[in-house]
Amino acid sequence: MELDVTMFESANPERRPASPTLKKLAVEAVQKLLNSTSMSMWAATNMVAPHVGRHPNSIRRWCESAGVNRESALDPLRQEYERQIDVIRSLNQEMAAALNDRPPPRE
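Read in my numbering, the sequence shown has 100 at position 19, and its numbers run on one by one without any break.
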């Protein structure tokens with residue numbers, strides 16, 4: 082059986098590949114939306130798509146290739162919370178140690 086390689090060609094001869102600059106701008110726009118809103122990945126790609134003239138799935142694939150997703154958008158916030166928790170935990174330990182070092186209350 083002979084494989085027809087033309088079946089893999091685009092059905093749209095007018096289709097042109099997106100430039101790396103366009104991909105970068107679209108991915109950055111999605112990342113900004115994810116960082117600044119509670120928007121889902123799909124909502125963010127749907128919002129960006131009309132502005133760059135591409136289908137949301139194309140933008141979603143570009144974002145996946147770039148490692149952009151809802152979780153990566155939460156990383157800076159998660160890191161900030163972890164730093165705050167570390168400070169509070171340290172303060173709590175210092176306070177507990179100070180309480181253990183003082184003499185018992187008089188009756």
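Quick reminder that beta carbons are idealized off the backbone N, C-alpha and C, glycines included.
**Study point:** Chain-order list of residues whose beta-carbon lies under 8 angstroms from that of residue 106 (same chain, five-residue window excluded)
**Key:** 133
Review point. So is residue 175 in contact with chain C if we call contact Cβ pairs under 8 angstroms?
Key: This model lacks chain C altogether, as it is built from one protein chain only.
Check your understanding: Which value, in whole angstroms, describes the spacing of the CA atoms of residue 101 and residue 108?
Key -> 10 angstroms
Practice item. Below 8 angstroms on the Cβ atoms is my guess for residue 112 versus residue 149; work out the distance and round it to an integer in Å. Key: 5 angstroms
Review point. In this structure, does DSSP put residue 184 in helix, strand or coil?
Key: coil
Point to revise | Test item: CB-CB of residue 115 and residue 99 under 8 angstroms | key: no
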